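S.K.: First residue of the sequence shown: 0, per numbering that gives the first Met the number 0; consecutive thereafter. So that we are looking at the same thing, I have put the structure below in structure tokens.
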Amino acid sequence: MYMRLLFNTFLLMMLIAVTAQGQKFKPGYYIESSGDTVKHDIAIQKKNGKIDKVVTPEGLFLAAKDLSGFGLDGVTYVVKSVSVDISPYGGVITDTLFLEVMNREKMSLSYTIDEHDKVHFYIENELGLQELTVKIISNMELVTQTRVEVFRARLKAIFPTCTDLFPQIDRTVFGRKGIRSIYDKLYLCRYNEAPTFKETKSDKETVLGVLAGATSTSGDFPSVRGSLVSFLTFHKSVDPTAGLFAETRISRGSTFAMRHELTYYQYSFTSDPYKQTQFSANTFTAYISTKYVKYAFIARMYFLQGKFKPFINVAVSPAYALSVKHTMTTVGGPNGGVEPLFQRYARFEYGYIAGIGAMYDRFQGDVRYEWSSGLRARDADSKIVSAYIMLSYRLNK
């Protein structure tokens, strides 16, 4: 029993050490619940976007209940017990959270993200903390969700004398940039002085990951060898594809993202034999095989906040052919044999993509449709159409 306890203790210590070593520690400080300030190298541990703990290199994990605040990278965080609207996951709850202080003067503005990846702002004045958020109402029977912009009504209630700014409040977009801009103007209206915001690190979020999937590709080659190839029927090609991606959202709560993908892509077409009987007894069979490295620049729009997010994609996708194999096999007659199908052609290809999909936690799945220029040359014009099923996995938190 003693040896087992010793072994389990050793494993626990190793786990704490490994977890701590995986953090990027920087000079900062934390304020204990007693009020004592401790200068120390620290890092932030997050859980689904929410700041969960403050970590030290020695393996000390400090939750919100253990602290009254901390500072890192020139940003101040305070611990507050607040009401959090986590709809549609359960309405309004009370939770103790780390809030990033964007401004702290006669009135303060704070910011946080909850465990459902939903953004919240809080304004604190003589009436206490008041939440600014977007309320989400779900209709489970119709599988729909509706956004209610309650933050605008709350801003008007907090600044009732600033009626000249109400039209600007109605145009404010909920997000870090929009809230900070309108708060600056409202604060100036109420106190006749502009608030002093500390410049903080960018709220831009970039995630990296891997992707894999399958493509079904069909091709049309209307001008190869005049009218001959127009009589050939090419079979669709079903092939795997895989690669890497980087996706950036302007801010953590933004519904718009830019995505970059670098993938390997291929297709192979074989035609049905075509027997030419009008002038000769020749039978022709064509074969085309290509392998590409493909880049896709994707604009993505998410429709919901939370772990589950449906989205749409539109993209441009240039590609470069690593290899192209092409033959025309002729059987019968005096000119039978195997020869190249094309003369000169362009290895560079460009396409346009549209698609839909959904993200859940670290996983993403989408279907896409791509129209591509394919091989381009004097005798090798083509039209390539591909349908994709893609699965992605996010590597970083």
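Heads up, the beta-carbon is just placed ideally off N, CA and C, and yes, glycines get one too. Predicted model, so just to flag it, every value in this text is computed and none were measured.
#1: Could you give the DSSP three-state label for Q275: helix, strand or coil?
#2: Mind checking which residues open and close the alpha helix (DSSP H) that includes L185?
#3: With DSSP as the reference, please indicate the residues paired to L131 in a beta bridge.
#4: Under 8 Å by Cβ, that's how I've got T329 and F268 pegged, so tell me the actual separation to the nearest angstrom.
#5: What did DSSP end up calling T232 once you bin it into helix, strand or coil?
#6: Which class does K64 belong to by DSSP, given the choice of helix, strand or coil?
#7: Cα separation between F220 and S391?
#8: Whole angstroms is fine: what's the gap from G218's alpha carbon to L374's?
#9: With I311 as the anchor, note down where its beta strand (DSSP E) starts and where it stops.
#10: Considering only residues of the same chain and omitting the five flanking positions on each side of Y387, which have a CB-CB separation below 6 Å?
#11: Out of Y286, P56, L131, Y28, point me to the one whose CA is closest to V147's CA.
#12: Taking one C-beta from the segment 45-52 and one from the segment 106-119 each time, how about it: are there three or more such pairs within less than 8 Å?
#13: Look up A280 in the DSSP assignment and say whether it is helix, strand or coil.
#14: Report, in whole angstroms, the separation of the C-beta atoms of N124 and I157, which I expect to be a contact under 8 Å.
#15: Could you check where the alpha helix (DSSP H) with P56 kicks off and where it finishes?
#16: Report the rounded CA-to-CA distance for M13 versus V54, giving the unit in angstroms.
#17: Could you tell me whether the Cβ atoms of Y351 and P317 are closer together than 8 Å?
#18: Within its chain, find whatever has a CB closer than 8 Å to the CB of Y291; leave out the 5 residues flanking it on each side and keep chain order.
#19: Taking 8 Å as the cut-off, decide whether the C-beta atoms of G70 and G27 are in contact.
#20: For R151, which three-state DSSP category applies?
#21: Buried or exposed: which applies to P194, given that a residue is buried once 16 or more other Cβ atoms fall within 10 Å of its Cβ?
#22: Could you check whether R175 and Y110 sit closer than 8 Å to each other, using their CB atoms as the reference points?
#23: Roughly how many whole angstroms lie between the Cα atoms of S32 and F296?
#24: Which class does R343 belong to by DSSP, given the choice of helix, strand or coil?
#25: Within 10 angstroms of the Cβ of R415, are there 16 or more other Cβ atoms? Answer buried if so, exposed if not.
#26: Can the beta-carbon of N312 be found closer than 8 Å to that of A285?
#27: Here's a check: name, in chain order, each residue in its chain whose Cβ is nearer than 6 Å to the Cβ of Q275, leaving out the five neighbours to either side.
M.R.: Put simply:
#1: Within the sequence shown, the letter at position 276 stands for residue 275. Q275: coil per DSSP, three-state reduction.
#2: Within the sequence shown, the letter at position 186 stands for residue 185. That run of the alpha helix (DSSP H) goes 175-190.
#3: If you number the sequence shown from 1, residue 131 lands on position 132. Per DSSP, F120.
#4: The residue you call residue 329 lines up with position 330 of the sequence shown. The residue you call residue 268 lines up with position 269 of the sequence shown. In fact, because the Cβ distance is near 17 Å, the residues do not count as touching under 8 Å.
#5: Stepping through the sequence shown from its first residue, residue 232 is reached at position 233. Three-state result, T232: coil.
#6: Your numbering for residue 64 matches position 65 in the sequence shown. Looking at K64 - three-state DSSP - the assignment turns out to be helix.
#7: Within the sequence shown, numbered from 1, the residue matching residue 220 stands at position 221. Within the sequence shown, numbered from 1, the residue matching residue 391 stands at position 392. Approximately 33 Å, taken between the alpha carbons.
#8: Mapped onto the sequence shown, residue 218 falls at position 219. Mapped onto the sequence shown, residue 374 falls at position 375. So the alpha carbons of these two residues sit roughly 10 Å apart.
#9: Stepping through the sequence shown from its first residue, residue 311 is reached at position 312. Its beta strand (DSSP E) spans residues 307-330.
#10: Walking along the sequence shown from the start, residue 387 turns up at place 388. These residues qualify, in order along the chain: G212, T214, R367.
#11: Residue 147 sits at position 148 when you count from the first residue of the sequence shown. Ranking the options by Cα distance to V147, first place goes to L131.
#12: yes
#13: Against the sequence shown, residue 280 aligns to sequence position 281. If DSSP states are grouped into helix, strand and coil, A280 belongs with coil.
#14: Stepping through the sequence shown from its first residue, residue 124 is reached at position 125. Stepping through the sequence shown from its first residue, residue 157 is reached at position 158. Sure, about 7 Å apart at Cβ, within 8 Å.
#15: As a position in the sequence shown, residue 56 is number 57, starting the count at 1. It is not in any alpha helix (DSSP H) - P56 carries neither H nor E in the DSSP assignment.
#16: What you label residue 13 is simply residue 14 of the sequence shown in a count that begins at 1. What you label residue 54 is simply residue 55 of the sequence shown in a count that begins at 1. Reliability fails at M13, whose pLDDT of 46 lies under 50, so the model's placement of it is uncertain and the value that follows must be treated cautiously. Approximately 15 Å, taken between the alpha carbons.
#17: By one-based count along the sequence shown, residue 351 stands at place 352. By one-based count along the sequence shown, residue 317 stands at place 318. No, these two residues do not count as a Cβ contact at 8 Å.
#18: Translated into the one-based positions of the sequence shown, residue 291 becomes position 292. Excluding residues within five positions, the ones whose Cβ falls inside 8 Å are Y263, Y264, Q265, A318, Y319, A320, L321, E348.
#19: Within the sequence shown, residue 70 is the residue found at index 71, counting from 1. Within the sequence shown, residue 27 is the residue found at index 28, counting from 1. Cβ atoms of G70 and G27: closer than 8 Å.
#20: As a first step, residue 151 is located in the sequence shown; it is residue number 152 there, counting from the start. The answer is helix: DSSP assigns R151 an H, G or I state.
#21: Locating residue 194 in the sequence shown gives position 195, counting from the first residue. Buried, since its Cβ has 16 or more Cβ neighbours within 10 Å.
#22: Position 111 of the sequence shown, counting from 1, holds the residue named residue 110. Position 176 of the sequence shown, counting from 1, holds the residue named residue 175. In contact: Y110 and R175 (Cβ atoms closer than 8 Å).
#23: Taking the first residue of the sequence shown as 1, we reach residue 32 at position 33. Taking the first residue of the sequence shown as 1, we reach residue 296 at position 297. Roughly 48 Å separates the two Cα atoms.
#24: In the sequence shown, counting from the first residue as 1, residue 343 sits at position 344. Three-state DSSP puts R343 in coil, outside helix and strand.
#25: Limits of the chain in this structure are 0 at one end and 396 at the other, which puts residue 415 out of reach.
#26: Counting from one through the sequence shown, the residue named residue 312 turns up at place 313. Counting from one through the sequence shown, the residue named residue 285 turns up at place 286. Not in contact: N312 and A285 (Cβ atoms no closer than 8 Å).
#27: In the sequence shown, residue 275 corresponds to position 276, counting from 1. So the qualifying residues of the chain are N281.
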